[in-house]
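Enquirer: So for the sequence shown, the numbering used here puts the first residue at 10; every next one is plus one. Input: one structure, supplied below.
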Amino acid sequence: MTLLKLSPHALAHCRFAISPLAETVGVLITLQRRCADAALARWYAEHQPAYRRWLGANPMANALLPLIATTKRLPDIVALPPEHGVHTRLADELGAMTAFSDDQIRAGVRAAAAASWKTHQLDWLRRENLAVRTAEVFEQGWQQFVEPDWPRRRAVLERDIMYRAGLLSAYGWKHTVETMKQRSIWVGDNAIRFSSQHWPDRTIDEGLIFVPRTTTGGWWTCEQPPRYALVYCAHGPHAEPATPGADRTDALSTLLGPGRSRIARQLQTPATSTQLARTLGLSLGTVSSHLAVLRDAGTIVGTRVGRNVIYRLTERGHRLLELLEEN
10 MTLLKLSPHA LAHCRFAISP LAETVGVLIT LQRRCADAAL ARWYAEHQPA YRRWLGANPM
70 ANALLPLIAT TKRLPDIVAL PPEHGVHTRL ADELGAMTAF SDDQIRAGVR AAAAASWKTH
130 QLDWLRRENL AVRTAEVFEQ GWQQFVEPDW PRRRAVLERD IMYRAGLLSA YGWKHTVETM
190 KQRSIWVGDN AIRFSSQHWP DRTIDEGLIF VPRTTTGGWW TCEQPPRYAL VYCAHGPHAE
250 PATPGADRTD ALSTLLGPGR SRIARQLQTP ATSTQLARTL GLSLGTVSSH LAVLRDAGTI
310 VGTRVGRNVI YRLTERGHRL LELLEEN
């Protein structure tokens, strides 16, 4: 068992961040593996041909990505704690990548290969300028498979942080962290059970950074002492981009209409109208119109927080979804 032990100072300084690099790593791992998530099946099938063509044309990507998709320990160069909170840019993270020496990268990749459940050829480690080559892989992966959909993905990540912040203010860090996994992970008063593997425990003094991502699967740490980050799956019904003509046909959509039913489902996690528009690929005017109808029906409520109005389901809205959702 591997623990992340948080000092009292660390507990008081835990925070959330957005990492374009972590999102890119998650997307590329998803594309490298077999698709096990039905919600992502259409997106996966759409992007697989381009992904495989890219691997075939890029020897560095073809060597590195199969490794990071089949290891229990990511190389340090691709698992960097974001430095600028929710304002972190990919350029910031790629710049941090290029600061690694070839020897550091070789050591990290060999450790990842040793923790992999597959065998990998590492002859490519004899090359030089590995940091620049690695940064180029993730910049290209971002440009092809993440950036076109980044406004929607970022809205999902912002909503998750807003959701976790609400849990934190109501229940504290223990409950908030417990909701990030399906099994209990909080140990004692100040530790998170990160893995069942027997790796050395980490003692964290400067605060843990929690980083959501939109892809499914396990979680991983980003370690650059004294900074540590924990990357986890974001909360909510938001995994797949909206596709025109792909609305569900069920009791809820028959009653409310396809547009309002999608918004009602999305508001199982609170959101602003802008976040809903980006997540669902709808215009802000369309979303606002649907929200007005749902609010007049008493199924949602809007609360002003600063400059934003955050919408959430009322008790009536939750009961409606429970009554009409498919088993």
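Every residue gets a Cβ at the ideal spot worked out from N, C-alpha and C, and that includes glycine.
Measuring alpha carbon to alpha carbon, tell me which of TYR180, LEU239, ALA72 ends up nearest ILE218.
Expert: Reading the sequence shown from its first residue, position 209 is the one you call residue 218. Comparing Cα positions, the closest option is LEU239.
Enquirer: Would you tell me roughly how many angstroms separate the C-alpha atoms of THR11 and ILE194, rounded to the nearest one?
Expert: Walking along the sequence shown from the start, residue 11 turns up at place 2. Walking along the sequence shown from the start, residue 194 turns up at place 185. Approximately 11 Å, taken between the alpha carbons.
Enquirer: Rounded to the nearest angstrom, what separates LEU332 and ALA273 at their Cα positions?
Expert: By 1-based counting over the sequence shown, the position of residue 332 is 323. By 1-based counting over the sequence shown, the position of residue 273 is 264. Answer to the nearest angstrom: the Cα atoms are 13 Å apart.
Enquirer: Determine which residues share a DSSP beta bridge with TRP159 and list them.
Expert: Taking the sequence shown and counting its residues from 1, one reaches residue 159 at position 150. Looking at the DSSP assignment, TRP159 forms no beta bridge with any residue, so it has no partner.
Enquirer: Return the chain-ordered list of same chain residues with a C-beta closer than 7 Å to the C-beta of ASP101, the five sequence neighbours on each side being excluded.
Expert: What you label residue 101 is simply residue 92 of the sequence shown in a count that begins at 1. Correct list, in chain order: GLU92, HIS93.
Enquirer: Taking the C-alpha atoms as reference points, what is the distance between HIS299 and ALA286?
Expert: Mapped onto the sequence shown, residue 299 falls at position 290. Mapped onto the sequence shown, residue 286 falls at position 277. The straight-line gap from Cα to Cα measures roughly 11 Å.
Enquirer: Would you list the residues sitting across from PHE25 in a DSSP beta bridge?
Expert: Locating residue 25 in the sequence shown gives position 16, counting from the first residue. DSSP output for PHE25 lists PHE219 as bridge partner(s).
Enquirer: Along the alpha helix (DSSP H) that carries LEU103, what are the first and last residues, could you check?
Expert: Mapped onto the sequence shown, residue 103 falls at position 94. Element bounds for LEU103: 99-106.
Enquirer: Any idea if ARG135 is buried or exposed, counting beta-carbon neighbours within 10 angstroms, 16 or more meaning buried?
Expert: By one-based count along the sequence shown, residue 135 stands at place 126. It counts as exposed.
Enquirer: Return helix, strand or coil for ASN338, following the three-state DSSP convention.
Expert: Because the chain here runs from 10 to 336, residue 338 falls outside it and cannot be looked at.
Enquirer: How far does the alpha helix (DSSP H) with THR263 in it reach, from first residue to last?
Expert: On the sequence shown, residue 263 is found 254 positions in, with the first residue counted as 1. First-last of the alpha helix (DSSP H) with THR263: 260-265.
Enquirer: Might you give, ordered along the chain, the residues of its own chain that have their beta carbon closer than 6 Å to the beta carbon of LEU37, omitting 5 neighbours on each side?
Expert: Here the question's residue 37 lines up with position 28 in the sequence shown. Contacts found: LEU74, GLY150.
Enquirer: Do you know how far the Cα of GLU32 is from the Cα of HIS18?
Expert: Position 9 of the sequence shown holds residue 18. Position 23 of the sequence shown holds residue 32. Going from the Cα of HIS18 to the Cα of GLU32 covers about 28 Å.
Enquirer: Which stretch, first to last residue, makes up the alpha helix (DSSP H) that contains GLN284?
Expert: In the sequence shown, counting from the first residue as 1, residue 284 sits at position 275. Looking at the DSSP string, the run of the alpha helix (DSSP H) that includes GLN284 is 282-289.
Enquirer: Quick check on GLU334: does DSSP put it in helix, strand or coil?
Expert: Within the sequence shown, residue 334 is the residue found at index 325, counting from 1. In this structure, GLU334 counts as coil in the three-state DSSP scheme.
Enquirer: Quick one: which unbroken alpha helix (DSSP H) runs of 4-plus residues sit fully inside the stretch 107-146? Chain order, please.
Expert: Listed in chain order, the complete alpha helix (DSSP H) runs (minimum 4 residues) inside the stretch 107-146 are 111-123.
Enquirer: Give the secondary structure of GLY311 by DSSP, where H, G and I count as helix, E and B as strand, and everything else as coil.
Expert: The count along the sequence shown starts at 1 and reaches residue 311 at position 302. Three-state DSSP puts GLY311 in a strand.
Enquirer: By a C-beta neighbour count over all protein chains shown, 10 Å radius and 16 as the cutoff for buried, is TYR3 buried or exposed?
Expert: For the chain, the structure presents residues 10 to 336; residue 3 sits outside this window and is missing.
Enquirer: Hey, how far is the Cα of HIS129 from the Cα of HIS96?
Expert: Within the sequence shown, residue 129 is the residue found at index 120, counting from 1. Within the sequence shown, residue 96 is the residue found at index 87, counting from 1. Spanning the two alpha carbons is a distance of roughly 36 Å.
Enquirer: Rank CYS242, LEU289, GLN284 by C-alpha distance to the C-alpha of GLY35 and give the top, closest one.
Expert: Here residue 35 refers to the residue found at position 26 of the sequence shown. When each option's Cα is compared against that of GLY35, the closest is CYS242.
Enquirer: When the Cα atoms are used, what is the spatial distance from LEU276 to ASP198?
Expert: For the purposes of this step, residue 276 is identified with residue 267 of the sequence shown, where counting begins at 1. For the purposes of this step, residue 198 is identified with residue 189 of the sequence shown, where counting begins at 1. Rounded to whole angstroms, LEU276 to ASP198 spans 33 Å at the Cα level.
Enquirer: Do VAL318 and GLY311 have their C-beta atoms within less than 9 Å of each other?
Expert: Position 309 of the sequence shown, counted from the start, is the residue given in the question as residue 318. Position 302 of the sequence shown, counted from the start, is the residue given in the question as residue 311. Result yes, Cβ atoms of VAL318 and GLY311 sit closer than 9 Å.
Enquirer: Could you pull the start and end residues of the alpha helix (DSSP H) that VAL186 belongs to?
Expert: Translated into the one-based positions of the sequence shown, residue 186 becomes position 177. Looking at the DSSP string, the run of the alpha helix (DSSP H) that includes VAL186 is 182-187.
Enquirer: So the candidates are TRP229, GLU187, LEU330, PRO160; which of them puts its Cα closest to the Cα of LEU261?
Expert: Working through the sequence shown from its first residue, we reach residue 261 at position 252. The shortest Cα separation from LEU261 among TRP229, GLU187, LEU330, PRO160 belongs to LEU330.
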